[in-house]
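Asks: The structure follows.
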Amino acid sequence: MKMHEAKRVEIMIEAIMESQVTRSLAAAGVTGFTILPVLGGSGRSGQWTREGSVSRASGMIAVICLVAPTRLDALLEAIFPVLDDHIGVVSVTDTQILRAERF
Amino acid sequence: MKMHEAKRVEIMIEAIMESQVTRSLAAAGVTGFTILPVLGGSGRSGQWTREGSVSRASGMIAVICLVAPTRLDALLEAIFPVLDDHIGVVSVTDTQILRAERF
Amino acid sequence: MKMHEAKRVEIMIEAIMESQVTRSLAAAGVTGFTILPVLGGSGRSGQWTREGSVSRASGMIAVICLVAPTRLDALLEAIFPVLDDHIGVVSVTDTQILRAERF
Amino acid sequence: MDQILSLAGQNLLSPVILCFVLGLSAALARSDLTFPEAIAKGMSLYLLFAIGFKGGASVAEHGADLRLGMAVLVGVVLSFLLPFAAYLLLRSLARGVSATDAAAVAGHYGSISIVTFVAASTLLQARGITFEGYMVAVAAAMEAPAIVSALWLATRGGSGTKITPDLWREIMLNGSIVLLLGAFTIGWITGERGLAEIAPLIVAPFKGVLCLFLLDMGIVAGRGLRNARGVISAGVIAFGLLMPLVGASVGALAGLLLGLSAGGVTLMMVLAASASYIAVPAAMRVALPKANPALYLTLALAITFPFNLTLGIPLYMAVASALAGG
Amino acid sequence: MDQILSLAGQNLLSPVILCFVLGLSAALARSDLTFPEAIAKGMSLYLLFAIGFKGGASVAEHGADLRLGMAVLVGVVLSFLLPFAAYLLLRSLARGVSATDAAAVAGHYGSISIVTFVAASTLLQARGITFEGYMVAVAAAMEAPAIVSALWLATRGGSGTKITPDLWREIMLNGSIVLLLGAFTIGWITGERGLAEIAPLIVAPFKGVLCLFLLDMGIVAGRGLRNARGVISAGVIAFGLLMPLVGASVGALAGLLLGLSAGGVTLMMVLAASASYIAVPAAMRVALPKANPALYLTLALAITFPFNLTLGIPLYMAVASALAGG
Amino acid sequence: MDQILSLAGQNLLSPVILCFVLGLSAALARSDLTFPEAIAKGMSLYLLFAIGFKGGASVAEHGADLRLGMAVLVGVVLSFLLPFAAYLLLRSLARGVSATDAAAVAGHYGSISIVTFVAASTLLQARGITFEGYMVAVAAAMEAPAIVSALWLATRGGSGTKITPDLWREIMLNGSIVLLLGAFTIGWITGERGLAEIAPLIVAPFKGVLCLFLLDMGIVAGRGLRNARGVISAGVIAFGLLMPLVGASVGALAGLLLGLSAGGVTLMMVLAASASYIAVPAAMRVALPKANPALYLTLALAITFPFNLTLGIPLYMAVASALAGG
Ligand SMILES: Nc1ncnc2c1ncn2[C@@H]1O[C@H](COP(=O)(O)O)[C@@H](O)[C@H]1O
Ligand SMILES: Nc1ncnc2c1ncn2[C@@H]1O[C@H](COP(=O)(O)O)[C@@H](O)[C@H]1O
Ligand SMILES: Nc1ncnc2c1ncn2[C@@H]1O[C@H](COP(=O)(O)O)[C@@H](O)[C@H]1O
Ligand code: NA
Ligand code: NA
Ligand code: NA
C-alpha cells in the first residue's frame, strides 16, 4: 500500500491551554489534529491525577498532529510561544501515512 | 534488553466504526490492539468535541496495533475498505518491542 | 528549531499496576511520564472494554515516557520485573524532543 | 389562537425551555460551560428508562387493548413513509443539497426525538391532560423504520448501499431502543407496585433532570450552530421549520383515525414532527458515510428540536385539543 | 416449599431482578446498550455510601452491644475459612482448574458481594423483616480476610507470593471498604438526625438506583459470559451454583450461634454465599497475575451473582425464617 | 463564646463535615478511594445550578429592591480590594514567597469558594436563619474581579502580563459563573412555581449531594497536602488561617453597611473569607503560568477551605448574629 513520509507531533500540554494551542495551529495552517484525554502524570512539578478533580487548572491533554515534513517547522514555530512558561512536552516522530492527499 | 523490530499502527477513526475495524483486524489475524478514547479534534470536516454529547454519530477512537513488520501489509489491506469513505487517518511508525513472542 | 534525540517508551499495562509502575520508574530516576486512559482492547486473553465496569481488576492504562537515549536501559530494566507475569506490552520508538533540558 | 399564544408563552417561560435557552446562549457566547460526556449519557439513560417504565406501568394500570397494537403499527408505517415526504420537501426547498444528504436528512425526520416526546408528555401532565401509556411503545417502534427508507432513497440511484446484518443489529439493537422497550416491558410486568418502588427516582426528580439535560442539549446545539455556518442555507432552515408541521399534520390524522385521546393525538403529532438525534445519525454514519453530518445534526438538533420545544408542542397541543376534543 | 416458590416468584418479577435480566439479555444479544464507566462507578459509590450510612444510623438508634463485636469477629473467621471449603469443592468438581486458579476463585467466595447484600436487605425491608444494622460492618469486615487465605492456598506449593506492604494497603485501604466503613461510622455518629438530613438522597431513590446498577451489572455479566466460552466447564458451573449453598449453610449456622434475628441470619447467609466482584479481583490481579481473570470474574459475576439474586436470596430468607423464627 | 463552641461542635459532627474528614483521611492514608472526574464535575454542576436557581426563586418571592444592586456592587468592590490585603499579609508572613506567587494567591482570596457558600447557607437553613436570596448573585459577581487585581499586582513590576480578549472570555464566561447566574435568572423568572416543579431534584437531595461532593473535595485536598510538602511553610499556613479572618471582618463591615439580615451578613463574611478553587486557579494558569499552582491550590483547598468549613462558618454566624441581631 502506498505510504507517505510524515511527522507525528505529540504535544502534551495543560488542558486549559487547549484553545490557545488549537488557535496557534490553525494560524500556522495546521487544521488536522486529534486531542486525547490524559489521566495523570508526573514531571518536575510533581505527580497529579484527574480523578475526582473539578478544577480546570490542573490536568493535561495530548494533541497529536500528523503533518507533511515540509510543514513541521511552521507548526513548531507556531506552538512554541504557547508552550513558553507553560507546562508541556513536545515530541516529533518520523512516521508514514496512508491517504496523504489529506494532509 | 533484547528488542525486536515492529510497526506501531495508529488508526484514528469514527467511534461508530469500532466493531467493523476490530472485525477486519481479526479477519487479518491481528488480535492484539488497544483502543484509546479521543476527546476531540479537527480535520477537513471541522472541529468537534465529545463534551456533553450523547450522540454516537460523532466522536472518534484511536486504535493502536503493534505488529510484526511482516504482517503490516495484511493489516493495512484489511482496514483499508473500512476506512474508505469514512473519516479517519492511519499512521505507521517503526518501533521496537519487548517480548516479541507475543506478537 | 533545535531538536534532541530521545526515546518514546509506551507501556500498556493493567490499570491496577499503575502505582507499581510509577514507583519503579521513580526508582530508576524517571520522573517524567504521562498516563493515558484506555477504553478497551484485545490480546491473547480476549477482548475487553471499560464501559459500565466498576471493577478495578480489568482495564489498562498507557504510560508514555520520553527519555534521553542513555537512560532507556535503566528504564526498561526497572519496569521489566513489574511486567513479568502481568498483561502488558512495551514499545520503544525513536523520537525528537524540544526543550531537552527538561528530560 | 389566543389560547395557543398563551400556552406558548407559558411554555416559553418554563424552567425546561429556559434551561435550553441558557445552554444555547452559553455555547453561542463561547462560554466553556459543558457537561462531561458521561454525565450527559447518564442523564439520557435515566430519561429513557424513566419514560419507558412509566409508560409500561400506565399500560399495566389501564389495560392493553387492540389499540396498542394498532398504534404501534401505524407508528411503523408513518416512520417508513415520512422520509419520502421529507426527501421531496427538502429537495424542492434547498436545491443545493445532494441526493445522499437529502436521503440522510429524510431518515431523521421519519424517526423520532425521544426528548421532544418527553418534554411534550411533561407539559401534558402539567396541564392535567392524560394520554395513552403505550405511546412510549409507539415512540420506540418509530425509531428505526425510517432508516430503511432513507437507505432506499439514497440507493435508488444505484450507489448500492445495502443493509448488512451488522447494520441491522446496529439499527434494531440500538441501546436507546433496547432500553426504552426494556423499561416499558418491566413497567408493564411490575405495574403500579413496581412503579411505586422506584418512583422517588424516576418520577419526582424527573423534571429536574430534564432541565439539566436540556441545558446540555442547548450547549450541544449552540456548538453545532457555530460550526455549521456554510452548510445551513435559507432553504435548509425553511425545511427545518416546515417539515415538523407536515409531520404533525400526518400525525394528527393518524392519531384521530386511531381514536386516541387529545393527549395521545398530541404525542402522535410530536413523534411525527420530531427528528431523531441519537439512533438515526449513528446509522447514517455507518451506512451513508458520504452524507454530511453537519447538515443532518444541525437540522435535527439546532433547528427542528428548538422549534418543536418552544412553539411546536403548544401548537400541537392546541390543535389536538380542538380536533380530539380534550 | 410453597412459600419459598412464591417468594422466589415474587422476587423474580421485581423491578430489580428484571433490570438485571434486561441488561443480561441486551448484552447477550450484542446490543450496544452500555453505561459509561464513570456512571457505573458513581452508582457503586452511591450504593456503598447509602448502605453504610443507613447501617450506622441503625446501630446508633438501636444501640451497639457486644453482639456487634462478636458478629464482626465471626464474619472475619468465616471469610478466612470459606476459601478452604471453596478450594476443595472446586478442585473436586472441576479437575481441569489449576491450583492457582482454584486459589484465586476461592478467595472470591470467602469475601462478599456488597450488591447481593444490598439486594437482600432491600427485599427484607420490602417484607417488613428487620435486621441488625451492624450487618453492614460485618460485610465490610468480610471483604478482605479471604484474600490472605487465597494467597496462602496459592503458595502452599512454594511459588512464593507474599503479601507486600503495598498489597496490604491495596487490600485494607481498598476504596470500597473505606467508603463502606467510613459511611457506617458517620451514620453511627450522626444517627437518626444525620440520616434525616440526607434521607432524600440515600433512602428514597435508593431502590431506583439499585435497579439501574443491576441493569449495568447484567450488561457486564452478559459480556463476560459471551467472552468466557471455553473457560466455563460443567464442573465450574456446578461449583458456581453449589458453593453459595455451602456458604449459606455455614452462614446460617454462624447467624444462629450469634443469636441474630431472622433478618440478620438471612444477611449472614447472603454474605457467606456471595462472591466478591470488586475487592478480591483487584487484589488477585496484583498478587496472583497468573490466575485467569475470565474464570473468577465469570464465576462471581455471571453465575453465582445471578443465582443468589434470583433464587438464593428467597431461599435463604425462607430457611432463616424457619430456623430463627421470623 | 459558649454558643460559638457548641455551634462549632454541632457543625463538626454534621454529616457534611464528617464526609469531608472521611475523604481527607482516606487520601492521607493513601486509600484508592476516588470519584471519577465526570461524577465530581456533575456534582459541581448540580450544586451550582441548584444554589443559583433557589437564590433566584427566593428573589422572585421576596421581591428585588435596590439593595440587590447595592450588594452586588459592594461584592465587586470587595473582590477588587481584598487581593491587596491578601498580598500584603502573605508577603509579610511568608517572606520566601515570590511576588508572582503572592499575586496569584491574592487573586484566590479576593474571589470566593461557592461550596463554602453552599455549606454556610445549608447550615443557616438548618438553624432556621433566613438570608437574602440575592446573595447568590453577589457570590457570582465576586468570582472574577479579583483576577484583575491579581494580574495588576503581578505586573506592577512590569513583567507585562496583560488581559487579552481570550483571557477576558475565560474569566467572564467561565462555566461556573455562567451556570450560577443563568440558574439564578431562570429561578427569578419562573419563581416559586418553577422551583416547585424541580424541587424534588434541587431541594430535597441537595444536602446529600453536598455530602458526597465534600467527600470528594476531602480526597482532593488530602492528595494536595500529600504532594505539597516543601511548598507549605509555617508562614504560609498562618496566612491560610488568618486571611479568612481578615476577609470575614471586611465582609461583616460591608454586610452591616448594606443593612443585611444576620443570615446575609454571615454569607457576606463567608464570601469574603473564602478562597476560589475553580475560576481563579484556571485563570492564573493561563495568565500567570510562572506562579506555582501547588501553592495556591493547597492554600485554598487544603488550608482555608477546611478552616472555614469547620470553625469559620460557625464563628461568622455567631459574630453576625451578635452584630446584626439575628
Ligand atoms: N519525560 C516526560 N515524558 C512524558 N510526559 C512528561 C514528561 N515530562 C513531563 N511530562 C508530562 O508533562 C507534565 C508536566 O511536566 P512538568 O512541567 O515537568 O511538571 C507531567 O505531569 C507529565 O504529564
Ligand atoms: N493531520 C491530522 N492529524 C491528526 N489527526 C487528524 C488529522 N486529520 C484529521 N484528524 C482526525 O480525524 C478527524 C476527521 O478528520 P477529517 O476527515 O479530515 O475531518 C479529525 O477530527 C481529527 O480527529
Ligand atoms: N499487539 C498489540 N498491540 C497493541 N496493544 C496490544 C497488543 N497486544 C496486546 N495489547 C494490549 O494488551 C492487552 C492485554 O494483552 P494480552 O496479554 O495479550 O491479553 C490487550 O487487551 C491490549 O489492550
Ligand atoms: Na418524526
Ligand atoms: Na462469601
Ligand atoms: Na474571598
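So the protein lines, in turn, are chains A, B, C, D, E and F. Read in my numbering, the first sequence has 43 at position 43, and its numbers run on one by one without any break. Every number in my numbering is 103 more than the matching position in the second sequence, counting from 1. Every number in my numbering is 206 more than the matching position in the third sequence, counting from 1. Every number in my numbering is 309 more than the matching position in the fourth sequence, counting from 1. Every number in my numbering is 635 more than the matching position in the fifth sequence, counting from 1. Every number in my numbering is 961 more than the matching position in the sixth sequence, counting from 1. C-beta: ideal position from N, C-alpha, C; glycine also.
Count the other C-beta atoms from every protein chain shown that fall within 10 angstroms of the C-beta of H697/E, then say buried if there are 16 or more, exposed otherwise.
Replies: Taking the fifth sequence and counting its residues from 1, the one referred to as residue 697/E is at position 62. Classification of H697/E: exposed, given that the 10 Å Cβ count is below 16.
Asks: Going along the chain, which residues of its own chain have a beta-carbon closer than 7 Å to the beta-carbon of L946/E, five neighbours each way excluded?
Replies: Numbered from 1 along the fifth sequence, position 311 holds the residue referred to as residue 946/E. A643.
Asks: Count the other CB atoms within 10 Å of the CB of S641/E; is the residue buried (16 or more) or exposed (fewer)?
Replies: Taking the first residue of the fifth sequence as position 1, residue 641/E is located at position 6. So S641/E ends up on the exposed side.
Asks: Compare the Cα-Cα distances from S896/E to each of L713/E, W787/E, A957/E and G810/E and report the closest residue.
Replies: Taking the first residue of the fifth sequence as position 1, residue 896/E is located at position 261. Per the Cα distances, A957/E.
Asks: Where DSSP assigns a beta bridge to D197/B, which residues make up the other side?
Replies: Your numbering for residue 197/B matches position 94 in the second sequence. In DSSP, D197/B forms a bridge with K110/B.
Asks: Tell me the DSSP secondary structure of A999/F in three-state form.
Replies: For this step, residue 999/F is matched to residue 38 along the sixth sequence. Looking at A999/F - three-state DSSP - the assignment turns out to be helix.
Asks: So L724/E and V881/E are supposed to be a Cβ contact under 8 Å. How far apart are they, rounded?
Replies: Indexing the fifth sequence from 1 puts residue 724/E at position 89. Indexing the fifth sequence from 1 puts residue 881/E at position 246. Confirmed, about 7 Å.
Asks: Beta strand (DSSP E) containing L169/B: first to last residue?
Replies: Stepping through the second sequence from its first residue, residue 169/B is reached at position 66. First-last of the beta strand (DSSP E) with L169/B: M163 to V170.
Asks: Listing by chain order, which chain F residues have their CB less than 9 Å from the CB of T799/E?
Replies: The residue you call residue 799/E lines up with position 164 of the fifth sequence. Those do not exist, as T799/E stays about 14 Å from chain F at its closest Cβ, beyond 9 Å.
Asks: Is the CB-CB distance between L462/D and Y355/D below 8 Å?
Replies: Indexing the fourth sequence from 1 puts residue 462/D at position 153. Indexing the fourth sequence from 1 puts residue 355/D at position 46. Not in contact: L462/D and Y355/D (Cβ atoms no closer than 8 Å).
Asks: Quick one: is R502/D buried, meaning 16 or more other Cβ sit within 10 Å of its Cβ, or exposed?
Replies: For this step, residue 502/D is matched to residue 193 along the fourth sequence. It is exposed - the Cβ of R502/D has fewer than 16 other Cβ atoms within 10 Å.
Asks: Considering only the alpha carbon of each residue, which of A774/E, T799/E, G857/E and L701/E lies closest to T901/E?
Replies: Residue mapping note: residue 901/E aligns to position 266 of the fifth sequence, counting from 1. The candidate whose alpha carbon is nearest that of T901/E is A774/E.
Asks: Just to confirm, are S251/C and A109/B a CB contact at a threshold of 8 Å?
Replies: For the purposes of this step, residue 251/C is taken as the residue at position 45 of the third sequence. For the purposes of this step, residue 109/B is taken as the residue at position 6 of the second sequence. No, the Cβ-Cβ distance between S251/C and A109/B is not below 8 Å.
Asks: Considering only residues of the same chain and omitting the five flanking positions on each side of A987/F, which have a CB-CB separation below 8 Å?
Replies: The residue given as residue 987/F occupies position 26 in the sixth sequence. Result list for A987/F: L994, G1179, I1180 and G1183, in chain order.
Asks: Measuring straight from C-alpha to C-alpha, what distance separates V427/D and V518/D?
Replies: Here the question's residue 427/D lines up with position 118 in the fourth sequence. Here the question's residue 518/D lines up with position 209 in the fourth sequence. So the alpha carbons of these two residues sit roughly 11 Å apart.
Asks: List, in order along the chain, the chain H residues whose C-beta lies closer than 8 Å to that of L932/E?
Replies: No chain H is part of this structure, whose protein chains are labelled A, B, C, D, E and F.
Asks: To the nearest angstrom, how far is it from the Cα of F874/E to the Cα of S727/E?
Replies: Here residue 874/E refers to the residue found at position 239 of the fifth sequence. Here residue 727/E refers to the residue found at position 92 of the fifth sequence. Straight-line Cα distance between these residues: approximately 9 Å.
Asks: What ranges does the alpha helix (DSSP H) occupy inside the stretch 998-1059 of chain F, keeping only unbroken runs of at least 4 residues that lie completely in it?
Replies: You should have 998-1023 and 1027-1054.
Asks: Could you pull out every unbroken alpha helix (DSSP H) segment of at least 4 residues lying fully inside the stretch 1241-1286 of chain F, listed in chain order?
Replies: Segments of the alpha helix (DSSP H) lying fully in the stretch 1241-1286 of chain F: 1254-1258 and 1274-1285.
Asks: So that I know if they touch, is there some Cβ in chain D lying closer than 8 Å to that of G146/B?
Replies: The sequence position of residue 146/B within the second sequence is 43, counting from 1. False, the Cβ-Cβ gap to chain D never drops below 8 Å.
Asks: DSSP three-state call for S334/D: helix, strand or coil?
Replies: Taking the first residue of the fourth sequence as 1, we reach residue 334/D at position 25. It is helical.
Asks: Is the separation between the beta-carbon of F515/D and that of G365/D shorter than 8 Å?
Replies: Indexing the fourth sequence from 1 puts residue 515/D at position 206. Indexing the fourth sequence from 1 puts residue 365/D at position 56. In this structure, G365/D does not lie closer than 8 Å to F515/D by Cβ.
Asks: Tell me which same chain residues have a C-beta within less than 8 Å of the C-beta of A914/E, skipping the five on either side of it?
Replies: To locate residue 914/E, count along the fifth sequence from 1; it is residue 279. Cβ neighbours of A914/E beyond the five flanking positions: S746, E778, A779, I782, I806, N809, S811 and I812.
Asks: Mind pulling the chain E residues with CB within less than 7 Å of K1168/F?
Replies: Counted from its first residue, the sixth sequence places residue 1168/F at position 207. E832 and I833, listed in chain order.
Asks: Please report how far the alpha carbon of A1067/F lies from the alpha carbon of A1111/F, in whole angstroms.
Replies: As a position in the sixth sequence, residue 1067/F is number 106, starting the count at 1. As a position in the sixth sequence, residue 1111/F is number 150, starting the count at 1. Taking the straight line from one Cα to the other gives about 6 Å.
Asks: Suppose contacts are defined by Cβ-Cβ distances below 8 Å. Is H1069/F in contact with Y1257/F by that definition?
Replies: Working through the sixth sequence from its first residue, we reach residue 1069/F at position 108. Working through the sixth sequence from its first residue, we reach residue 1257/F at position 296. Taking 8 Å as the Cβ cut-off, H1069/F and Y1257/F qualify as a contacting pair.
Asks: What three-state label does DSSP hand P1161/F in the structure shown?
Replies: As a first step, residue 1161/F is located in the sixth sequence; it is residue number 200 there, counting from the start. DSSP places P1161/F in helix when its eight states are reduced to three.
Asks: I need the straight-line Cα distance from V1038/F to L1218/F, nearest angstrom please.
Replies: Indexing the sixth sequence from 1 puts residue 1038/F at position 77. Indexing the sixth sequence from 1 puts residue 1218/F at position 257. Cα-Cα distance, rounded: 14 Å.
Asks: Can you tell me which of the three DSSP states L1221/F falls into?
Replies: Working through the sixth sequence from its first residue, we reach residue 1221/F at position 260. Note: L1221/F maps to coil in three-state DSSP.
Asks: Give the residues from the stretch 1188-1208 of chain F that approach chain A closer than 7 Å (Cβ to any Cβ), ordered along the chain.
Replies: Those residues of the stretch 1188-1208 of chain F that come within reach of chain A (Cβ to Cβ, closer than 7 Å) are N1188.
Asks: Would I498/D and L648/E be called neighbours here (beta carbons separated by less than 8 Å)?
Replies: In the fourth sequence, the residue the question calls residue 498/D occupies position 189. In the fifth sequence, the residue the question calls residue 648/E occupies position 13. The answer is yes: Cβ separation under 8 Å.
Asks: Does the beta-carbon of Q302/C have 16 or more other beta-carbons within 10 angstroms, so that it is buried, or is it exposed?
Replies: Counting from one through the third sequence, the residue named residue 302/C turns up at place 96. When all chains shown are included, Q302/C counts as buried.
Asks: Report the residue from R305/C, D300/C, V288/C and T299/C whose alpha carbon sits nearest the alpha carbon of P924/E.
Replies: In the fifth sequence, the residue the question calls residue 924/E occupies position 289. Nearest option by C-alpha distance: V288/C.
Asks: Would a check of beta-carbon distances place R339/D closer than 8 Å to chain E?
Replies: Here the question's residue 339/D lines up with position 30 in the fourth sequence. No, R339/D does not count as interfacial toward chain E.
Asks: Quick check: is any heavy atom of ligand 6 less than 7 Å from the C-beta of Y1070/F?
Replies: As a working mapping, residue 1070/F is identified with position 109 in the sixth sequence. Y1070/F: yes, Cβ under 7 Å from ligand 6.
Asks: In angstroms, rounded to a whole number, what distance separates the CA positions of G573/D and L504/D?
Replies: As a first step, residue 573/D must be located in the fourth sequence, where it is residue number 264. As a first step, residue 504/D must be located in the fourth sequence, where it is residue number 195. Spanning the two alpha carbons is a distance of roughly 21 Å.
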